[in-house]
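In the working numbering, the protein residues as written are 223 to 654.
Virtual Cβ for every residue (Gly too), placed ideally from N, Cα, C.
This is how it looks when you write it as structure tokens:
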């Protein structure tokens, strides 16, 4: 039996919760942990080498200490919390004498293989249900009085790596659904290698390779961003031929596909973006009828009246804030607004911008609906079939902005919130 390779596993961690606009210094690329390139036997996990990472605006919400969203926040560098998680986890296995599982999980933990363990609050709840209250109190006291005795950093950064949608190649597997060589898409760690488990609800799926479609497109055009555009536009906006459609952040990962889908439906389409270059791409590459740079407009209401003198049937909103406020004034009666993103508000430190023109939704009988792509997973096969066909027939194109290497991942993510990206922002971690 050959020796198992052991390598360092570089990863990106969040140093502290972020108040305001994120900066590169809020994150750190760390080395120092090692990982065996083998899935622990009996773990039902599989080990992957990460190839591409997706940078998405929703990740900003996970960088703040807020627990009322559909996704929990990332865990920043807090030693006590991390050691407590570890002790609770091992303690639960010890108490119930699940020796084989304990052995496998300790092996994974010690090698910094990071399956998605439950968050701290869930462990507390679980332990309380098992009536192990005394154990929990003892653990808390141990951490309180002995934190200074813990000298290793291995458990400190264990659970901290940022995670998001990505593409990876399977290296080794203890899961019969995934075999070495498979390419998978789903939620993975921002690291070079990840240990995944299909039961952890990571939206994992095997990718069927196609020589006519770049692999990275499975994060954008054929991934979460593209599906968000497809589901939101078709299911909420209910487009009809001749509709007047407005798309904000139109040159982004979602907006660029929304506009092209609208054109395929026979709509008149206008997009807004944040630079002259993006405006040119919208009109010359992505097929928008008109586009404008919102930064050059003194009054957004006036700008929208210029492009939509008779009003807007559909507004696909990616930014919120003042653009949404202006769109409300310019909607037609029974217009539809898909609330997809609020990138203009996500980095406000304390107070949010209020919407002044919401009364328009009443007297114009508007439909405003927020949504998540995960609400519509039942139409994902339809989405893949149709969008693949559109692309192969030359009816749509897709623009990517690829950063090379994990070291550039923090800059790539931060760039989303200042509009530096042109198209879908992707980080290439390793060669295909």
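query: Residue span of the alpha helix (DSSP H) that contains residue 552, given as start and end; result: 543-552
query: Residue 430 burial status per 10 Å Cβ neighbour count (16 or more: buried); result: exposed
query: Residue 470 to residue 405 span [Cα, whole Å]; result: 33 Å
query: For residue 493 and residue 510, believed in contact at Cβ under 8 Å, the rounded distance; result: 5 Å
query: Where residue 655 falls: helix, strand or coil (DSSP); result: Nothing about residue 655 can be read from this structure; the chain reaches only from 223 to 654.
query: CB of residue 257 within 9 Å of CB of residue 228, strictly; result: yes
query: Pick from 630, 613, 624, 250 that is closest to residue 444, judged by C-alpha positions; result: 613
query: C-alpha distance - residue 512 paired with residue 536, whole-angstrom precision; result: 15 Å
query: Reduced DSSP category for residue 679 - H, G, I as helix; E, B as strand; rest coil; result: The shown model of the chain, from 223 to 654, leaves out residue 679, and the question about it has no answer.
query: Cβ of residue 482 within 9 Å of any chain C Cβ; result: Protein chain content of the structure displayed is limited to a single chain, and chain C is not contained in it.
query: Test item: CB-CB of residue 425 and residue 409 under 9 Å; result: yes
query: Check whether residue 278 and residue 446 have beta carbons under 9 Å apart; result: yes
query: Distance between beta carbons of residue 400 and residue 268, contact taken as under 8 Å; result: 5 Å
query: Nearest-angstrom Cα separation, counted from residue 501 out to residue 579; result: 27 Å
query: Neighbourhood of residue 505 by C-beta distance below 6 Å, restricted to the same chain and skipping five residues each side; result: 513
query: Whole-angstrom distance between residue 458 and residue 618, CA atom to CA atom; result: 21 Å
query: Beta-carbon gap between residue 601 and residue 452 smaller than 9 Å; result: yes
query: Cβ-based neighbour list, residue 608, same chain, cut-off 8 Å, excluding 5 preceding and 5 following; result: 452
query: Nearest-angstrom Cβ-Cβ length linking residue 418 and residue 407, presumed shorter than 8 Å; result: No, residue 418 and residue 407 are not in contact; Cβ-Cβ is about 11 Å, not under 8 Å.
query: Identity of the residue in 251, 450, 433 nearest residue 594 by Cα; result: 450
query: Alpha helix (DSSP H) runs wholly inside the region 602-643, at least 4 long, in chain order; result: 602-614, 631-637
query: Inter-stretch contact at 8 Å, needing at least 3 Cβ pairs: the region 546-561 / the region 520-531; result: yes
query: Assigned secondary structure, residue 249 (DSSP; H/G/I helix, E/B strand, else coil); result: strand
query: Cα-Cα separation, residue 533 to residue 556; result: 11 Å
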